[in-house]
Amino acid sequence: MHAFSKVDGSQSLDLQRDALIASGVEENQIYSDLASGKKDDRSGLDACLKALREGDVLVVWNVNASVTSTTGSNTR
49 MHAFSKVDGS
59 QSLDLQRDAL
69 IASGVEENQI
79 YSDLASGKKD
89 DRSGLDACLK
99 ALREGDVLVV
109 WNVNASVTST
119 TGSNTR
């Protein structure tokens with residue numbers, strides 16, 4: 049199970065990380081971006097997508113942020 053979370057500069061990843069861990073995601077499988085949706089550097093999302101394999105489960109904290117983040121990304 050993998051997870052992706054994203055926050056802008058005014059938010060904290062701690063709440064998201066804790067909730068994802070409580071849902072069963074291992075901490076080393078949580079990928080995060082600390083950026084605005086307008087920035088091109090989405091290294092956390094890119095790493096998460098590269099780690100996914102057929103049959104994997106992807107957990108996201110906020111679907112809207114994740115959908116916005118995939119614009120222009122190479123997804124599987």
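Mind the numbering: the sequence shown is residues 49 to 124 in our numbering, read in order.
For glycine and all other residues, C-beta sits at the position ideal for the given N, C-alpha and C.
About 15 Å separates the beta carbon of Ala95 from that of Leu68, a gap too long to meet the 8 Å contact definition. Distance from the CA of Ser71 to the CA of Asp81, rounded to the nearest whole angstrom, comes to 20 Å. Rounded to the nearest whole angstrom, the C-alpha separation of Met49 and Ala99 is 10 Å. Annotated as distal: Trp109 and Ser60, with beta-carbon spacing of 8 Å or more. In the DSSP annotation of this structure, the continuous segment of the alpha helix (DSSP H) that includes Asp66 starts and ends at 61-70.
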